[in-house]
Structures are given as C-alpha cells and as structure tokens.
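Asker: Starting off with a structure, shown below.
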Amino acid sequence: MTAVSGQRRAAADPAADQPGAEEDLRALFGQSTAVFASLTGPTHRVETANPAFFATIGEERARTGVALAELMPELADQGFIALLDEVYRTGEPYTGRDVRVLLGSGLHAREAYFDFTYEPRRAADGTVCGIRVIGVETTQVKQAQRLMAEHRALVEQIARQAPLAEVLDGMARCIEQLAPHQVLVSVLLADADGRHLRHGAAPSLPDFYNEAIDGIATGEGVGSCGTAAHRREPVIVTDIATDPFWDDFRDLAQQAGVAACWSTPILARDGSLLGTFAMYHRTPRVPQDADLALARVFAGTAALAIERHHIEQAKAAADARARAAHDELARVVRAERELRAEAEQRATAAAELTARMRAAAAAQA
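Anchor point for the sequence shown: position 365 equals 639 in my numbering, and the numbering is continuous, going up by one each time.
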C-alpha cells in the first residue's frame, strides 16, 4: 500500500511534447514558487528542475543526472517511486491533493504537504519517455488552518475561565498533535519569587520524570527549562547526551527516553517570569522555523492563560479578604451591641438596687 492518495486523469495528449514544449516549461517554472522537475527514463533520472524543487528537497541535493530514488531515497518507502513507475508504465497522469511527504532523514527530516501532478512525457512516436513533476507545497496553509482552529478553542477555554490545569493539559496535547514530528510537551509554572519551577502540564512525559523536575531551580545550566527561565530567552538543546546543561539530569532524561529539549520562557506583559514551555523529542533534533513559530505562539497562549489564572486568584483572594473583613466588622458590631446591651442591663440593675436601698433606708429611718 502506498502512502500517497490522489486521482487518475485522462492520458496526456501525445502532441503536448512537441519540439520546444519542454524548454517552454523550464522557462515558465524557472523562477516559480511551484515545484517543477523533469524526469527521464524508467529510473526517473532528474534531467532538470527549478530552484523551488531543490529548495524543497535541500540545496545540498541540488544535482541532476541521477535517479530520483538515489537523490531522495526517503521517497521509496512512502510509495512515490512506485507511483512514478506506474505512471511511466501506463502513461496515465496522476494528481494528488494535500499529500503528506517526509523529506530528508535524521536530524533534518521534515514533514510537508503537497498538491502535485505526475504528467507523462512522450516521445515523437507516442511512447512515454519520462515524467514531469509539478507541485505546490500546502504545508503552511494546512498547518495554519489546524493551528487557528486549535488556538481558537484554547482562547475560548481561557475566556470561559476553565481551570488552568485543564487549559495547559489541552494545549500540550494540541501541540503534540500539530507538531510535524513526535514531540512531548511540558509546561512548568514559576513560583511567585521566580526562583523555582513547578509542574503545570506534561501529559506524555512519565510521572517519575514530572515528579523529579517539579520544583527545580531557575539558573544557568539547570537543564533547558531552568536556563531558559533564568535567561528569559529560548534555550535549544539538540542533543541531551552531550550538552553540559543536562549534566545533572542526563540519567533522568535517558530513563524517560528523551534526547532533545527546546525550552521557551513564558513571560507576562511586564516581563516577569510565568513559567516555561518545553518541547521534548525522542531523538536528537534540530528545530525548524515551524517548530520555533509553534513554540512562540503557544508560549504566548500559555502566558494569557497563566496571567488570567493569576488575576482570578488575586480577585478570589481579594474577595476572600473583603468577606473576612466584612465578617470581622459584623462580629465587632455584634460584640459592641452585646456589650452595650449588657451595660444597659447593668445600669438598669444598678438603678433598681439604688432605689431599693433608698427605700430600705427610708423605711429604717
């Protein structure tokens, strides 16, 4: 089963490859943002490609005259080479919509989405001699749509004053679904003095790990999060096994099965520390621009949720103090009334006693 999906269209017109047509296509796509490559032969050798194609697959692979499977070996396991073979064999074009593609491998692998077409190229006698690949990357559009929907839901949660733990847990799970690679999200909350970080949310990290880092100090070299909180700037650790920031936590990270950690400080509008937002990876990883943008967006959302929580806490504390003051005032008033009533009773009793004493004295006289 291939990893691609799309639809067949009517076979291309053999007259489409009239002399000069291929040169016209190369000129047309030369400066285009659309991906274009012209493949030749049954091995799909890259005859020519535009700059957008090489920018997409990586400039270090910008060469022609080699088979596509050799240039991009990661395509074979995803079904794309088999699909090219079929188009070459049948001569029928193929169109895919929003197709997921994993480009590259190792630290620099990235997930992308494309609308693309495989068009057969025909020789003068009508036989298929190659394939044109024309595509438009839709990754940013697709991610933006998902991001906006999830972000809107989180903001609505914050607006209706959902519990902070619920908001942060939902945000962590949302990011884990949106990230192009497997990621484990952690949010730590700063103490009032900003010297320690407490567990906020980390639904996919093991409990023993969350308990171990609950209460870690903020400071230079205290893992990714402690350092990010201390510096008030993002800290990117691509390989925990070799980074000195993780000297005190390396064994713990190994037990938890994490190998990279990118931490972003969560700051209030006045610049004070609210916490940290961290993205962990199972393997050493270098962040992509999309990863960093995702971290910035949700660090801002977390700041909004935490500040709202602090405001509600302060309001609740003020209300509690007001109620306590009101209750104390009411108690004092009651005590004063009771004392006044008691004093009045004593005065009445004293007056009665004085009157009886006067009467007794008069009777004796």
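For glycine and all other residues, C-beta sits at the position ideal for the given N, C-alpha and C.
Give the C-beta separation of Ser537 and Val509 to the nearest angstrom, bearing in mind that I take them to be a contact with Cβ-Cβ under 8 Å.
Answerer: For the purposes of this step, residue 537 is taken as residue 263 along the sequence shown, with counting starting at 1. For the purposes of this step, residue 509 is taken as residue 235 along the sequence shown, with counting starting at 1. Yes, they are in contact, since the Cβ atoms of Ser537 and Val509 sit about 5 Å apart, within 8 Å.
Asker: According to the neighbour-count rule (16 or more other Cβ atoms, all chains shown, within 10 Å of its Cβ), is Gln417 buried or exposed?
Answerer: For the purposes of this step, residue 417 is identified with residue 143 of the sequence shown, where counting begins at 1. Looking at its Cβ environment, which holds 16 or more other Cβ atoms inside 10 Å, Gln417 is buried.
Asker: Excluding sequence positions up to five away, which residues of its chain have a Cβ less than 7 Å from the Cβ of Ile493?
Answerer: On the sequence shown, residue 493 is found 219 positions in, with the first residue counted as 1. The question names Ile, but residue 493 is Gly in the sequence shown. Cβ neighbours of Gly493 beyond the five flanking positions: Gly500, His504.
Asker: Please confirm whether Glu411 and Leu376 have their CB atoms less than 9 Å apart.
Answerer: Numbered from its first residue, the sequence shown carries residue 411 at position 137. Numbered from its first residue, the sequence shown carries residue 376 at position 102. Cβ distance not < 9 Å, so Glu411 and Leu376 don't count as in contact.
Asker: Grouping DSSP H, G and I as helix and E and B as strand, with all else coil, what is Ala301?
Answerer: Translated into the one-based positions of the sequence shown, residue 301 becomes position 27. In this prediction, Ala301 has a pLDDT of 46, which is less than 50 and means its spatial position is unreliable; nothing more can be read from the coordinates.
Asker: Using the Cα positions of Arg630 and Leu613, report the straight-line distance between them to the nearest angstrom.
Answerer: Position 356 of the sequence shown holds residue 630. Position 339 of the sequence shown holds residue 613. The straight-line gap from Cα to Cα measures roughly 25 Å.
Asker: Would His267 be called buried (16 or more neighbouring beta carbons within 10 Å of its own) or exposed?
Answerer: Past the boundaries of the shown model lies residue 267; the chain is included only from 275 to 639, so the question cannot be answered.
Asker: Looking at C-alpha atoms only, which residue of Thr557, Ala542, Gly468, Ala433 is the closest neighbour of Cys535?
Answerer: If you number the sequence shown from 1, residue 535 lands on position 261. Here the closest residue by C-alpha is Thr557.
Asker: Specify the secondary structure class of Phe523 as computed by DSSP and reduced to three states.
Answerer: Indexing the sequence shown from 1 puts residue 523 at position 249. Coil.
Asker: In angstroms with no decimal places, state the Cα-to-Cα distance between Gly468 and Leu547.
Answerer: In the sequence shown, residue 468 corresponds to position 194, counting from 1. In the sequence shown, residue 547 corresponds to position 273, counting from 1. Those two C-alpha atoms are separated by around 6 Å.
Asker: What does the alpha-carbon distance come out to for the pair Phe228 and Glu333?
Answerer: Outside the shown range of the chain, which is 275 to 639, sits residue 228, and nothing can be said about it.
Asker: So, are the CB atoms of Pro394 and Val407 less than 9 Å apart?
Answerer: The sequence position of residue 394 within the sequence shown is 120, counting from 1. The sequence position of residue 407 within the sequence shown is 133, counting from 1. It is not a contact, given that the beta carbons lie outside the stated cut-off.
Asker: Pro539 bridges to which residues according to DSSP?
Answerer: Walking along the sequence shown from the start, residue 539 turns up at place 265. Note: Pro539 sits in a beta bridge opposite Thr550.
Asker: Whole beta strand (DSSP E) runs in the region 339-380 with 3 or more residues, listed along the chain?
Answerer: 368-377
Asker: Is DSSP giving His473 helix, strand or coil here?
Answerer: As a working note, residue 473 is residue 199 in the sequence shown. If DSSP states are grouped into helix, strand and coil, His473 belongs with the strands.
Asker: Give me the residue from Gly549, Ala590, Glu610 with the minimum Cα distance to Asp465.
Answerer: Taking the first residue of the sequence shown as position 1, residue 465 is located at position 191. It is Gly549 whose Cα lies nearest to the Cα of Asp465.
Asker: By the DSSP assignment, the beta strand (DSSP E) with Ser478 in it spans what residues?
Answerer: Walking along the sequence shown from the start, residue 478 turns up at place 204. That residue, Ser478, is in no beta strand (DSSP E); it is neither H nor E in DSSP.
Asker: For Ala637, count neighbouring Cβ atoms within 10 angstroms of its own Cβ and tell me buried if that reaches 16, exposed if not.
Answerer: Along the sequence shown, one-based indexing puts residue 637 at 363. Residue burial is scored here from C-beta neighbours: Ala637 has fewer than 16 other C-beta atoms within 10 angstroms and is therefore classed as exposed.
Asker: From the DSSP output, in three-state form, read off Asp465 for me.
Answerer: Here residue 465 refers to the residue found at position 191 when the sequence shown is read from its first residue. Coil, per DSSP.
Asker: Taking the straight line between their C-alpha atoms, what separation do you get for Tyr259 and Asp351?
Answerer: The requested residue 259 is not part of the displayed model; the chain covers only 275 to 639.
Asker: Anyone know if the C-beta pair for Ser460 and Ala446 falls short of 9 Å?
Answerer: Locating residue 460 in the sequence shown gives position 186, counting from the first residue. Locating residue 446 in the sequence shown gives position 172, counting from the first residue. Cβ distance < 9 Å, so Ser460 and Ala446 count as in contact.
Asker: Go ahead and pull the three-state DSSP assignment for Val415.
Answerer: As a first step, residue 415 is located in the sequence shown; it is residue number 141 there, counting from the start. Helix.
Asker: Between which residues of its own chain and Pro477 is the CB-CB distance below 7 Å, once the five residues before and five after are set aside?
Answerer: What you label residue 477 is simply residue 203 of the sequence shown in a count that begins at 1. Asp443, Ala446, Arg447.
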